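A.B. asks:
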Amino acid sequence: MIIEGNEVDRSYNEEVDVVIIGSGCGGATVAKQLAAEGHSVLILEQGGYFTAQRGDFDQRSDNMLARIDGGRGMHTSVNNEIALMYGSCVGGASVHYWADSWRMPKDRCDQIAATGVTGHSYEELTPYFEKIEKDHNVHFAAPEYYNTMNRLFNEGAETLGWHAEPTPQARRGCAKSGHCYQGCSYDAKQSQLVTYVPAAIKSGARLMADCQVEGITRNSKGEATGVEAVFVDRHSGRPNGHRLQVKARFVVLAAGGYSSAVVWLRSKLPNASGQVGKNFLCNPNTLLYGLYDREIKMWENIPAATGTSQYRLAAYKNGEYVEGGYLLHPNQLQPEFLAVTLPGFGVDHRELVSQLPNIGSVVSWIDDELPGEIRLGKNGEAEYHYKLRGVDELKARDSLKKQAQLLFATGAKEVIVPDTVGTRLHSVDEIGLFDELPINDGNYLFGAPHPAGTLRMGPDPTTSVVASNHEAHEVPNLFVADPSVFPMQPSVDPSISIMAWSYVAAKEINTRLHEAVSQ
Amino acid sequence: MSGSALSRRGFLKTGGGAALLLVGYQASHSWIAGGDEDYRPLLEGERPQALSIKEFAVLSSVVRCLVGPAQGAPTTEEARTAARIDRELLIHGGKLLQDLKDSLLMVEHSTFIDGYGERFTRLNAEQQSSFLQCCRDSSLDLRRQAYNGLRFLTIFFYYSDDRSWPLLGYQGPWQPIKFYGGGNRIENLPPLTNFTTVAKITSEVSS
């Protein structure tokens, strides 16, 4: 059963085995698993419930950002350096993700294990990966799903001697509309909205949408006991006057990498380690555009059916950075948003957007290592502090060079940098300018779609927030199941990794619930 | 835009303290700052919900300049771009709204930094464009951020109007539109006041 805010005409008091804050890849996975085990599960989702069946996914960027994006497309870091990209709707960020479905690579699992995290090795996660891939129909896209930019990417990679490989896709019956980021109008993209949320509901879980958690409650022993929440009017985002009080054996915080630490801080939960909100990573994206003599129409068909992981891991020599540390993919933006990211204004900008069909693009996901921080402002609002620097800045500059190389190798007559001043390159010989180009302090807007790390997992309560079983070191009965727990970025699109890690959390909670019943 | 990027501290850090004080001085003295009666004629019949009359008037001028001359596309007034931004700001409130207010104030009253003798809304189109270019190329973070923030909102809300899509070579979505009460499209806006109608009639009569 899904209850939406506009159906709520009274305040509620609920008592359940597990209350889950958030319905994205983490929350939906835990909910599905625990509901299938017969436990009473209540999912709380701050955003609204939107479906293809009702025609909610109308493919307009303005309407869809207002419906499903956490900041309605307008949130940035405090220094305006990164654009926060996250979901606020049933299904969470998976509703607007691109369906890229990589497993966390073994090398990254090993690195995480080396930090002392247990139970999340590649071998231990493999059964979950297999299950998730089956449930989400993960496969390589057939050639007919490659748009022009995807094909150009492969041609360019071949010219440059790079290894391109297909990107695993979570789709079933894709209509090739290209509106993945606005939410799939055809239920083809296998987001949580059409996979684990309905599976959880089918097993008896309940979900309350438009429900904003104010705080996690605790008893005198410091154990989590439930949540306090308010229902909000979906259209204004303001409380509608009705409240929710939930008493639960276990609380699962799965509000996502941008929000779980905020819920923690607003709840004034203990933070003796001082790590809550720290270690904020976000996979900054660098975008680069190429102007071609031919039609590209990057907004059609699958965004990234292909890519290269050749540079996924950074290469170092004698301790000095050499290159790499990012994934490269063809880029996709719908025209009205593409117009925003192209530089300039007035006549110059209009001249540029008049050539939109002939503009192609490559995007990278920087495997960032130097974190920022999520804090609360003086009025309790979330503040995101992040500055690309050090080796991460070197990665971004190297990535921009590789992106320009690929664009020129595929026939781009000009490369357009979406920086404030609108820098342009006319030949691959000019890529050296990326060594010095101002890209900090709002001179260049990075997308930031993969937040992680702010409630990181680790064995030591003085340096981490949750233990390897996903339970908070300092708050018994509170579990965290989302990318906030990653001690480092997965180095690939995180959706499959979030789900796999959340299976581990669900298994632990299930064991604890059975123990509680038997006592 | 968001956060304290436009805070006084951030601006002072970049060395613009004196300029900010002058902007503040100008803006706080009505004989320089201009009152509602000066700005009301620039509203084009819109009734701002989140911004003040003055802020909305400045925004309208900025939007017009950033989008540029309409050729085969709606004007920013026809697309009601400033009103759509105002509606979005109403929903957001908080820091986004405050940052935009600060940005608009700065744009209106910092023209003197670049040698203009009039505030932004009194400059001609060419001067406005040159001034925004100065903001874009400024070494002061605050001016660049004001430019970037205003540009982002303007371009997004203008080009998310269906009538601008032919300019982009975009055939449009495959799905029919569905009204969203929490949206920011023209259909979400209050109707224009009679101001426009009256102004048009007056103009027609006098011509």
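Residue numbers (numbering that gives the first Met the number 0), protein chains in the order written: chain H, 0 to 518; chain A, 0 to 206. Yeah, the Cβ is synthetic: ideal placement off N, Cα and C, and Gly gets one too. Note that this is a predicted model, so its numbers are computed, not measured.
For my contact list, Cys210/H and Leu43/H are in at a C-beta cut-off of 8 Å; report their separation, rounded to the angstrom.
C.D. replies: 5 Å
A.B. asks: Taking 6 Å as the limit between beta carbons, can you name the residues of its chain near Val15/H, skipping five residues before and five after?
C.D. replies: Ser39, Leu41 and Ala247
A.B. asks: Using a C-beta cutoff of 9 Å, does Leu167/A count as contacting chain H?
C.D. replies: yes
A.B. asks: With the cut-off set at 9 Å, would you say Ile19/H and Gly46/H are in Cβ contact?
C.D. replies: no
A.B. asks: Near Val250/H, which residues of its chain fall below 6 Å by C-beta distance, leaving aside the five closest residues on each side in sequence?
C.D. replies: The beta carbon of Val250/H is closer than 6 Å to those of Val18, Ile215, Ala223 and Leu477 in its chain, skipping five residues each way along the sequence.
A.B. asks: Going along chain A, which residues have a C-beta under 7 Å from Ala577/H?
C.D. replies: Summary: the structure shown does not reach residue 577/H, with chain H confined to residues 0 through 518, and so no result is reported for it.
A.B. asks: With DSSP run on the structure shown, which of helix, strand or coil describes Gly446/H?
C.D. replies: strand
A.B. asks: Would you identify the three-state DSSP class for Glu514/H, choosing helix, strand or coil?
C.D. replies: helix
A.B. asks: Using a threshold of 9 Å, state whether the C-beta atoms of Ile301/H and Gly452/H are closer than that.
C.D. replies: no
A.B. asks: By the three-class DSSP mapping on this structure, what secondary structure does Thr419/H have?
C.D. replies: coil
A.B. asks: Let me know if Gln52/H comes out buried or exposed under the rule of 16 or more other beta-carbons within 10 Å of its beta-carbon.
C.D. replies: exposed
A.B. asks: Among Ala174/H, Gln58/H, Ala156/H and Pro448/H, which residue has its Cα nearest to the Cα of Glu521/H?
C.D. replies: Residue numbering for chain H in the displayed model covers 0 to 518; residue 521/H lies beyond these limits and cannot be assessed.
A.B. asks: Using a Cβ distance threshold of 8 Å, determine whether the stretch 181-196 of chain H contacts the stretch 21-28 of chain H, with at least three qualifying pairs required.
C.D. replies: yes
A.B. asks: For Gln48/A, decide whether its Cβ has a neighbour in chain H, counting only Cβ atoms nearer than 9 Å.
C.D. replies: no
A.B. asks: Taking the CB atoms as reference points, tell me whether Arg102/H and Phe128/H lie closer together than 9 Å.
C.D. replies: yes
A.B. asks: Starting from Gln58/H, find everything on chain A with Cβ-Cβ shorter than 9 Å and list it in chain order.
C.D. replies: Gly171, Pro172, Trp173, Gln174 and Ile176
A.B. asks: Along chain A, in chain order, which residues have C-beta atoms closer than 8 Å to that of Asn380/H?
C.D. replies: In the sequence on display, residue 380/H carries Glu and not Asn. Those are Gly93 and Lys94, listed as they occur along chain A.
A.B. asks: Alpha carbon to alpha carbon, how far is Ser10/H from Val204/A? Give it in angstroms, no decimals.
C.D. replies: With a pLDDT of 40 at Val204/A, under the threshold of 50, the modelled position of this residue cannot be trusted; read the value that follows with caution. Between Val204/A and Ser10/H, the C-alpha separation is close to 60 Å.
A.B. asks: Indicate whether the contact test is met: 3 or more Cβ pairs, each with one atom in the stretch 414-423 of chain H and one in the stretch 381-391 of chain H, closer than 8 Å.
C.D. replies: no
A.B. asks: For the ligand ZN, any of its heavy atoms closer than 8 Å to the Cβ of Pro458/H?
C.D. replies: With respect to the ligand ZN, the structure offers nothing, as it holds no ligand at all.
A.B. asks: Quick check: the Cα distance between Pro190/A and Pro47/A, rounded to an integer number of angstroms?
C.D. replies: 11 Å
A.B. asks: Taking Cβ positions only, does Pro190/A come closer than 9 Å to chain H?
C.D. replies: no
A.B. asks: The stretch 276-288 of chain H: which residues have C-beta closer than 8 Å to a C-beta of chain A, in chain order?
C.D. replies: none
A.B. asks: With a threshold of 9 Å between beta-carbons, can Gly345/H be considered close to chain A, or not?
C.D. replies: Yes, because at least one Cβ of chain A sits closer than 9 Å to the Cβ of Gly345/H.
A.B. asks: Can you tell me the Cα-Cα spacing of Lys133/H and Ala187/H, whole angstroms?
C.D. replies: 15 Å
A.B. asks: When you compare the CB positions of Gly410/H and Arg293/H, do they come within less than 9 Å of one another, or not?
C.D. replies: yes
A.B. asks: Report the start-end ranges of each alpha helix (DSSP H) in the stretch 21-46 of chain H that is 4 residues or longer and not cut off at the edges.
C.D. replies: DSSP runs (the alpha helix (DSSP H)) wholly in the stretch 21-46 of chain H: 24-35.
A.B. asks: Identify the continuous alpha helix (DSSP H) that holds Ile84/A and give its terminal residues.
C.D. replies: Thr80 to His91
A.B. asks: Does Arg143/A have its Cβ less than 9 Å from a Cβ in chain H?
C.D. replies: Yes - at least one Cβ of chain H is within 9 Å of the one on Arg143/A.
A.B. asks: Could you tell me the alpha carbon to alpha carbon distance between Ser308/H and Cys134/A, rounded to whole angstroms?
C.D. replies: So the two alpha carbons sit approximately 39 Å from each other.
A.B. asks: Return the chain-ordered list of same chain residues with a C-beta closer than 6 Å to the C-beta of Val197/A, the five sequence neighbours on each side being excluded.
C.D. replies: With a pLDDT of only 41 at Val197/A, under the threshold of 50, the placement of this residue in the model should not be trusted; the figure read from the coordinates follows. Cβ within range, chain order: n/a, list empty.
A.B. asks: Determine the direct distance from the alpha carbon of Leu33/H to that of Ala505/H, and round the result to whole angstroms.
C.D. replies: If you draw a straight line from the Cα of Ala505/H to the Cα of Leu33/H, it comes to about 7 Å.
A.B. asks: Within the 9 Å Cβ cut-off, does Asn123/A reach chain H?
C.D. replies: For Asn123/A, no CB of chain H lies under 9 Å from its own CB, so it is not counted at the interface with that chain.
A.B. asks: Can you name the residues of chain H whose CB is closer than 9 Å to the CB of Ser128/A?
C.D. replies: The contact set of Ser128/A on chain H, defined by CB atoms closer than 9 Å, consists of Phe344, Gly345 and Val346 in chain order.
A.B. asks: Note down, in chain order, each residue of its chain lying with its Cβ closer than 6 Å to the Cβ of Lys105/H, except the 5 sequence neighbours on either side.
C.D. replies: Tyr121
A.B. asks: Assign Asn278/H to one of two classes, buried (16 or more other C-beta atoms within 10 Å of its C-beta) or exposed (fewer than that).
C.D. replies: buried
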